[in-house]
Each structure stands twice: as structure tokens, then as C-alpha cells.
Amino acid sequence: MTTLKKKEQTFLIDLLDFQDSLNGNSEFVDNVRMKGADEVRNTPFPHSKDEEWRFISLRDLYSDSYQHVSVLEEKDPDLRDYFLPECANSRLVFINGVFSIKHSSVEALPDDIVIDSLARLAASDNPLVKEHLNKYTTFEGDVFSSFSDAFLQDGAFIYVPKGRKIDTPIHLLFVQTEADITYFTTSHSVIVADEGSEITVVEDHIGLGDNKYFNLPVVEVSAGKEAYVKHTKIQRDSQEAIHIARTSAFVEKHANYESYTITIGAKLSRNEPRISQRDEEVKFTVDGLVLIDGEQVSDTHSVMDHRFPHCESHQLHKCVIIDKAHSVFNGKIFVRPHAQKIDSFQENRNLLLSRKGLVNTKPQLEIFADDVVCTHGATIGQLDEEEVFYLKSRGLNEKQAKELLIYAFALETIENITVDSVQKLLVDEVHNFTERQLHSEFTI
Amino acid sequence: MLKIKDLHAVVEEDGSEILKGVNLTINKGEVHAIMGPNGSGKSTLSKVVAGHPAYEVTAGDILFEGESILELDPEERAHKGIFLAFQYPVEVPGVTNKTLLRQAYNTIAKAQGKEELDPIEFEDYVAERMEVVEMRPEFLERSVNAGFSGGEKKRNEIFQMAVLNPKLSFLDETDSGLDIDALKVVAEGINQISGKENSIVMVTHYQRILDYIVPDHVHVMVDGRIVKSGEKDLALKLEEQGYDWLAEIPSAAVNGQK
Ligand SMILES: Nc1ncnc2c1ncn2[C@@H]1O[C@H](COP(=O)(O)OP(=O)(O)O)[C@@H](O)[C@H]1O
Ligand SMILES: [Mg+2]
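Listed in order, the protein sequences are those of chains A and B.
Using numbering that gives the first Met the number 0, the letters of the first sequence correspond one by one to residues 0 to 443.
Using numbering that gives the first Met the number 0, the letters of the second sequence correspond one by one to residues 0 to 257.
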């Protein structure tokens with residue numbers, strides 16, 4: 000990485016002075032912060048000259064000065080519209096980065112699972128936090144991860160013990176409220192599914208206003224031996240927000256990690272799911288759906304790291320781009336030497352519905368084993384004219400026909416999500432998204 | 000009901016002329032068959048009537064119930080009661096038959112000032128229409144034509160017709176891809192739907208289906224023109240002798256142009 004010009008770099012470094020004044024309630028957390036802060040001081044922030052960041056501009060991030068979210072007054076917004084009926088008593092809520100006891104409930108979950116605010120567990124010196132925090136990430140040298148550590152405050156911590164299969168999905172709701180200042184917020188969540196356990200997590204980021212803030216969530220997942228983890232992430236941050244996420248998952252022997260990442264909000268978002276195979280015979284899915292319009296930018300840089308023999312991996316990343324929106328996809332597939340019998344599927348499908356929209360797509364395969372099936376591809380297309388005509392010949396007008404086809408495009412991802420209310424809310428989001436195009440120029 | 004006058008149409012993209020002066024009049028309640036060799040322009044004629052954007056009409060007119068429809072969008076033509084059963088029905092993965100049909104039915108009903116049906120009423124209505132072509136209920140939940148066999152797609156087109164109840168239907172090669180049992184079912188369905196109020200144009204190059212749906216008029220299309228019209232026995236003659244003898248009839252015989 001190149002060093003940034005002084006001016007651009009100051010904004011985040013300044014924040015580290017603030018960091019020094021933060022006083023953790025746990026020595027362990029303080030140490031994580033100190034280490035993170037040191038790393039940030041010694042690591043330049045990325046720039047569009049860096050290969051991994053070349054398609055997008057981070058000017059929006061660097062051009063503002065931010066205050067830490069903790070300077071905001073405590074807020075108590077009405078969140079009922081955002082609650083999922085299946086998760087009435089299996090929900091953790093964080094408002095502006097702070098755990099909200101009032102809105103959270105875990106009564107529906109069995110007693111032997113550990114689910115709580117990370118900060119609370121750390122404050123009570125819970126050994127699980129020390130045992131698992133930062134153990135399942137592959138973001139060494141990544142300045143945003145270090146930055147997150149430097150401001151480590153709270154997040155969800157979930158530990159599912161051996162053999163425990165939980166049917167009730169768990170909703171992790173991260174709420175950002177309106178504010179008069181531009182702030183930044185981090186969260187660090189840890190999901191550990193021990194041997195043979197099963198869990199479904201819905202990670203949900205919502206912005207209640209249209210203010211600018213910088214949201215940096217880190218999520219690490221461990222799918223232990225024979226465990227099954229279903230992880231849906233919905234990003235509905237404010238239309239002015241910057242969302243830079245780090246998500247990593249370790250998948251152990253015979254385990255299955257299934258993830259669906261839905262990007263709807265934020266002016267600029269960057270998702271980096273990194274899946275690391277830790278043993279033989281695993282399965283994982285890293286599907287994505289991106290619906291962007293206006294001047295939104297959505298960038299997904301993913302890593303599927305096949306490190307052992309016998310793995311089935313799947314990545315279908317679908318994007319709908321309208322107006323001047325810009326979608327970036329860079330999907331890395333690594334197959335290490337000796338990682339034979341890998342069956343990996345990757346496809347990035349883009350529905351580009353405006354002349355001014357932009358798509359950059361780049362699959363990147365680095366395969367060092369020979370007995371491997373890797374299919375990969377990328378398409379950029381408009382709505383199929385024959386399909387549109389077919390629907391119109393049945394009486395549907397232009398808008399109905401397009402809406403139906405966009406819906407059908409998005410559905411392929413949505414229908415795999417096993418939480419009904421999430422499916423339903425996403426169908427509504429697709430509807431709102433196409434509805435917004437009613438007045439905008441939207442050329443086939 | 001439909002009057003096509005000296006219709007010329009070109010492929011919008013490259014300007015090549017496909018329809019070279021088609022004249023055709025279809026009255027209420029009539030069944031017509033348009034036959035002709037492959038590539039003669041039968042599907043193009045059907046699609047131009049339905050308003051396909053790939054073609055541009057360069058001369059002539061299409062009147063439906065006395066008014067020109069050339070300026071109308073495909074959906075406006077559908078609202079007026081024009082239906083096209085596609086030769087190659089389009090697959091629309093992700094959109095179920097039920098979703099499409101209910102939206103189509105209600106959009107047309109609304110445009111015609113008729114009552115829209117709520118999901119429950121529609122369910123009942125559709126169940127009754129399904130019997131017309133002996134459609135299995137699970138069909139409704141499947142994506143439109145996705146993964147259907149050729150025959151299933153054709154049957155689905157007629158099912159859509161049964162639900163939408165159009166005034167004028169072009170059925171483009173509906174018989175191809177159907178085995179004999181399916182053909183009988185579909186033909187029987189078409190006969191049930193057609194009546195004094197509805198007109199049907201069957202595009203086919205086999206006379207097989209005409210054994211089940213007896214046309215009032217048979218037309219032969221060659222190279223973008225209707226070169227001969229007659230009654231049912233014309234279809235039999237075509238079946239026996241092919242189209243070659245017609246090539247001898249100069250198109251001048253139709254409209255004086257060459
Ligand atoms: N969209 C199109 N673009 C180019 N050529 C076309 C198009 N549609 C039809 N044609 C040409 O017009 C001619 C008539 O085609 P078609 O109407 O499908 O014939 P038929 O249905 O009688 O077999 C063919 O030569 C075909 O290739
Ligand atoms: Mg044809």
C-alpha cells in the first residue's frame with residue numbers, strides 16, 4: 000500500500016488520540032485496543048492506487064472529520080418496525096454501537112448457549128471472550144480491522160455448545176440513529192458454533208435517518224466440526240453512510256457455513272467476506288444480492304480459501320444497478336496445493352438498468368491443485384427484451400414487467416434465506432427499490 | 000374484428016423487409032388458419048400484430064375493431080383483447096404462473112373497466128380455467144415456462160389464453176411439440192374458449208391440428224404475402240402437394256407488385 004497524502008490520513012489518525020482517552024472496563028479489551036492502535040499508527044490507510052481499492056474512491060470517507068459515536072446522547076428510537084417476529088425473544092439490539100438491554104431478549108434460546116453483549120461479557124472477565132475474540136479472522140495487516148480493534152467497544156457474542164441445534168433464528172440488530180454530527184461507529188461480533196451445533200443468525204444494519212456516518216462492523220464466525228451456521232447479513236444503512244465491513248468465517252471438518260449478504264443501503268459500502276476452509280470435507284456458500292441506485296457504490300471483495308481436500312463452495316453474487324450506481328465485484332478463489340477434489344462455483348451476475356451505471360467485475364482464481372472443478376463467470380446485462388415483450392403481451396405495462404423481472408432476478412438469492420420474515424422484508428425492499436425508479440430515467 | 004391492409008414490416012435492426020403487403024380480414028367468431036413454409040413470415044405477422052418492438056411497420060395498417068393499433072404498445076393491445084400464443088414461449092424464471100396470470104388478468108380487467116379479482120377469487124377462477132386444458136394445479140406455483148418441455152410450454156400458452164379470455168388470439172404453431180393426446184386436449188380447450196365472440200388465427204404448417212379445430216378460412220403465406228386463401232380443403236391440398244405449386248403463382252396475382 001502506498002502512503003496517503005498527509006491531509007487524507009489525518010482524519011482517522013486524529014481519532015486515535017481520542018482512543019487513548021477511552022477507558023475499557025477490562026484489561027483484556029484495553030490490550031486489544033492498544034495493540035490495534037499501534038497497528039493503525041504503523042499502517043497507511045488504503046487509497047485508490049492500491050490494487051485492492053482501485054475501482055472505488057475513498058474520498059467520501061477521508062474528506063470528513065468524524066467524532067466517535069459515544070459523544071452522542073443516548074437515544075431510544077421506536078424499533079418495532081424492524082423486529083422480526085421469529086426473533087421476538089432471540090434478539091440483541093445495539094443502538095449507536097451501544098448494547099440496548101431494553102430492546103434485547105434471549106428468552107427463547109436455551110440456557111446453555113452464551114449470547115450477550117461482548118462488552119458485558121468482557122467486563123465480567125468471561126473466559127470465552129479471551130478464548131475466541133480475534134481467533135477466526137484472516138485480516139492480518141488490514142488497517143480497518145486494526146482500527147476496529149483500537150476502538151473495540153461492543154458487539155454480539157454468541158457461543159453455541161457442542162451438539163446444540165437451535166431452530167430459533169437470532170436477530171442481531173445494529174441501529175444507527177439520526178445525528179447532527181458526523182460520527183463513526185464500530186462493532187465486533189463473534190459467533191462460535193461448537194462441534195455438531197446449528198445456528199441461524201440475521202445480522203441487520205439499519206440507519207434510521209439519512210445522515211452521514213461511518214460504520215465499521217467486524218464479524219468473525221467459527222463453524223466447528225460438523226456444525227451448520229446460516230448467516231444472513233442485511234445492510235440497510237443510511238443513504239449517506241459509509242459501511243466498511245470485515246467478515247470472516249473458519250469452517251471446520253464436515254461443517255457448513257451458508258451466508259447471504261444483502262446490500263441495499265449506504266452511499267459507499269465495502270464487504271469483504273473471507274471464508275477459510277480449516278479441514279477436509281466442508282461446504283460453504285457466500286451468496287450476495289446488491290440493489291443500488293442514485294450514486295451508491297457497492298464493492299464486494301471476497302476470498303474463498305480452499306486449504307484442504309474435498310470442499311464444495313458456492314458464490315452467486317447478483318447486483319441490480321440503476322441510475323449512476325456503481326458495483327464492484329472481486330472474487331478470489333484460492334485452491335492451495337494438495338487441496339484436491341474442490342468443487343467451486345462462482346458467478347457474478349449484474350443487471351445494469353441505466354446508461355450511467357457502472358460495473359467492474361473481476362473473478363480471480365489462484366489454483367495450485369490439479370484435481371479441481373472451478374466454474375466461474377460474470378455477466379453484465381439488461382433486462383431481456385423478449386421477456387419484457389412476453390410480459391407486456393400479457394397486459395403488463397413497462398413498469399410492471401420490469402418490476403417483475405427485477406424481482407425474479409433478486410428472488411434467486413432471497414428464496415434461500417430460511418427466515419420467512421426476512422424473505423418478506425427483502426421482497427418489500429425489492430419492491431421499494433423498483434418503485435423508486437418510477438420517476439427516474441431508467442432505460443433498457 | 001381485425002383488418003390488416005397492405006402491411007409491410009421490416010426488421011428494425013437491419014431494415015430487411017419481412018412482410019411485403021399482407022391483406023387479411025378476420026370477423027368476429029371466425030377461425031382462420033395461416034399456413035406456409037418456414038421463413039415465410041407467419042410468426043413475424045403474429046408478432047407485429049402483438050406489437051413486438053423488433054419490427055417496424057413501414058406501410059399499411061392494422062385495424063382492430065375499426066381502429067388502428069399501430070401506435071399502441073403491446074400491453075395496450077393486450078388490454079384491447081389481443082393475445083399471442085408464442086411459437087417459442089419465453090421462460091421467465093422466478094416469476095410463477097400464478098403471479099403473472101393474476102397480474103395480467105387484473106391489469107387487463109382494470110383497463111377494460113371490469114372487476115379485478117382478489118387472490119381468493121382469482122384462485123377459484125383459475126381452478127376452473129385450468130380444467131379447460133387439463134392443467135395440474137402444481138403448475139401454478141412453477142416459474143413461467145422455466146424448465147417446461149416444449150409441449151408443456153404450448154399448453155401453458157393456451158392456459159393463459161383461457162384465463163385472459165381474449166377477443167382475438169394468434170396461436171403460433173401451438174400444435175408443434177405436442178404429442179397426439181396433448182394435441183387433442185389442447186385443441187378441445189381451444190374449441191371451448193372460442194365462440195361467437197372470439198376469433199382465432201392458427202398459424203401452422205401442418206394440417207394435423209385442423210382435424211380438431213376446423214377453420215372457416217385457410218390462407219397460405221409465402222415470402223411475406225398471403226398468396227392464396229380458401230376453405231378447409233385448401234389445407235388438405237397443401238398437406239398432399241406441399242407449397243411448391245404455389246411458388247408458381249406470382250405474387251403479382253395478389254397485389255400487383257413484385
Ligand atoms: N427479429 C428478426 N431479425 C432478423 N430476421 C428476422 C427476425 N424475425 C424474422 N426474421 C426473418 O424473417 C423471416 C420470416 O421469419 P418468421 O416470421 O419467423 O417465419 P415463419 O414463422 O413463417 O417460419 C425469416 O427469414 C427470419 O429469419
Ligand atoms: Mg414461425
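The C-beta atom is built at its ideal place from N, Cα and C for all residues, glycine as well.
This one's a predicted model, so the numbers in the text were calculated from it and none came from an experiment.
### Message
Taking 7 angstroms as the cut-off, is the C-beta of residue 74 of chain B nearer than that to any heavy atom in ligand 2?
### Response
Not so, every heavy atom of ligand 2 lies at least 7 angstroms from the Cβ.
### Query
Cα separation between residue 337 of chain A and residue 134 of chain A?
Straight-line spacing of the CA atoms in residue 337 of chain A and residue 134 of chain A works out to 24 angstroms.
### Query
What number of angstroms, rounded off, separates the C-alpha of residue 258 of chain B from the C-alpha of residue 326 of chain A?
With chain B covering only 0 through 257, there is no way to say anything about residue 258 of chain B.
#### Entry: CA nearest to the CA of residue 397 of chain A, picked from B:190, B:148, B:102, B:180
Ranking the options by Cα distance to residue 397 of chain A, first place goes to B:102.
### Query
Near residue 192 of chain A, which residues of its chain fall below 7 angstroms by C-beta distance, leaving aside the five closest residues on each side in sequence?
Here the set comprises 159, 198, 221, 222, 223, 226, 228.
### Query
First and last residue of the beta strand (DSSP E) that includes residue 427 of chain A?
Careful: residue 427 of chain A lies outside any beta strand (DSSP E), inside the alpha helix (DSSP H) at 419 to 434.
### Query
Quick one: does the C-beta of residue 171 of chain B sit closer than 7 angstroms to a heavy atom of ligand 2?
Answer for residue 171 of chain B: yes, Cβ within range of ligand 2.
### Query
Does residue 136 of chain B have its Cβ less than 8 angstroms from a Cβ in chain A?
No, because no Cβ of chain A sits closer than 8 angstroms to the Cβ of residue 136 of chain B.
### Message
Suppose you measure from the CA of residue 274 of chain A to the CA of residue 248 of chain A; what does that come to, to the nearest Å?
### Response
Residue 274 of chain A and residue 248 of chain A: Cα-Cα distance of roughly 5 angstroms.
### Query
Going by C-alpha distance, which of A:121, A:203, A:242, A:315 is nearest residue 257 of chain A?
When only C-alpha atoms are compared, the closest one is A:315.
### Task
Note down, in chain order, every chain B residue with its Cβ under 7 angstroms from the Cβ of residue 395 of chain A.
The contacting residues are 74, 102, 103, 106.
### Task
Give the straight-line distance between the Cα atoms of residue 83 of chain A and residue 263 of chain A, rounded to the nearest whole angstrom.
So the two alpha carbons sit approximately 18 angstroms from each other.
### Task
In angstroms with no decimal places, state the Cα-to-Cα distance between residue 252 of chain A and residue 141 of chain B.
A straight-line Cα-Cα distance of about 37 angstroms links residue 252 of chain A and residue 141 of chain B.
### Task
Answer with yes or no whether the minimum CB distance from residue 159 of chain B to chain A is below 8 angstroms.
With 8 angstroms as the cut-off, residue 159 of chain B counts as an interface residue toward chain A.
### Query
Would residue 368 of chain A pass as a contact of residue 341 of chain A if the rule is Cβ separation under 8 angstroms?
Yes, Cβ-Cβ distance for residue 368 of chain A and residue 341 of chain A is below 8 angstroms.
### Task
Assuming residue 479 of chain A and residue 146 of chain A form a contact by the criterion Cβ under 8 angstroms, report the distance between their Cβ atoms to the nearest whole angstrom.
Residue coverage of chain A in this structure runs from 0 to 443, which leaves residue 479 of chain A outside it and unanswerable.
### Task
Determine whether the Cβ of residue 78 of chain B lies closer than 8 angstroms to any Cβ atom of chain A.
It does; some Cβ of chain A falls within 8 angstroms.
### Query
Quick one: does residue 189 of chain B have its CB under 8 angstroms from some CB of chain A?
Chain A, which has no Cβ nearer than 8 angstroms to the Cβ of residue 189 of chain B, makes this no.
### Query
Roughly how many whole angstroms lie between the Cα atoms of residue 43 of chain A and residue 54 of chain B?
Residue 43 of chain A and residue 54 of chain B: Cα-Cα distance of roughly 58 angstroms.
### Task
Under 8 angstroms by Cβ, that's how I've got residue 17 of chain B and residue 198 of chain B pegged, so tell me the actual separation to the nearest angstrom.
So it is not a contact: roughly 23 angstroms between Cβ atoms.
### Query
Residues of chain A with CB under 9 angstroms from residue 69 of chain B, in chain order?
Ordered by position in chain A, no residue passes the 9 angstroms Cβ test against residue 69 of chain B, which lies about 16 angstroms from the chain.
### Message
Taking 8 angstroms as the threshold (C-beta atoms), are residue 271 of chain A and residue 237 of chain A in contact?
### Response
No, the pair does not count as a contact, with Cβ atoms beyond the cut-off.
### Task
Evaluate the contact criterion for the region 57 to 71 of chain B versus the region 96 to 114 of chain B: three or more CB pairs, one atom per stretch, below 8 angstroms.
With a cut-off of 8 angstroms, the region 96 to 114 of chain B and the region 57 to 71 of chain B do not count as touching, because too few Cβ pairs lie within range.
### Task
Residues of the region 23 to 48 of chain B with a CB closer than 8 angstroms to any CB of chain A: list them in chain order, please.
For the region 23 to 48 of chain B, which is checked against every Cβ of chain A, not one residue is closer than 8 angstroms.
### Start and end residues, alpha helix (DSSP H) containing residue 232 of chain B
Its alpha helix (DSSP H) spans residues 231 to 240.
### Members of the region 343 to 374 of chain A near chain B, C-beta cut-off 9 angstroms
Of all residues in the region 343 to 374 of chain A, none is placed with a Cβ closer than 9 angstroms to any Cβ belonging to chain B.
### Query
DSSP puts residue 1 of chain B in a beta bridge; with which residues?
For residue 1 of chain B, which the question treats as bridged, DSSP gives the partners B:25, B:63.
### Query
On the three-state DSSP scale, how would you describe residue 349 of chain A?
Here residue 349 of chain A sits in strand by DSSP.
### Message
If you reduce the DSSP assignment to three classes, tell me which class residue 200 of chain B lands in.
### Response
Looking at residue 200 of chain B - three-state DSSP - the assignment turns out to be strand.
### Task
Would you list, in sequence order, the uninterrupted alpha helix (DSSP H) runs of no fewer than 4 residues that lie entirely inside the region 6 to 56 of chain B?
Taking only runs of at least 4 residues, the alpha helix (DSSP H) segments lying wholly in the region 6 to 56 of chain B are 41 to 49.
#### Entry: Distance cut-off 7 angstroms: residue 378 of chain A Cβ against heavy atoms of ligand 1
If you check the C-beta of residue 378 of chain A against ligand 1, you find no heavy atom less than 7 angstroms away.
### Nearest-angstrom Cα separation, counted from residue 171 of chain B out to residue 385 of chain A
When only Cα atoms are considered, residue 385 of chain A and residue 171 of chain B end up about 16 angstroms apart.
### Query
Which whole-angstrom value is the C-beta distance of residue 169 of chain B and residue 202 of chain B, which I expect to be below 8 angstroms?
Yes, residue 169 of chain B and residue 202 of chain B are in contact; Cβ-Cβ is about 7 angstroms, under 8 angstroms.
### Task
Can you give me the Cβ contacts of residue 282 of chain A inside the same chain, cut-off strictly under 6 angstroms, excluding the 5 residues immediately before and after it?
Around residue 282 of chain A: 255, 311.
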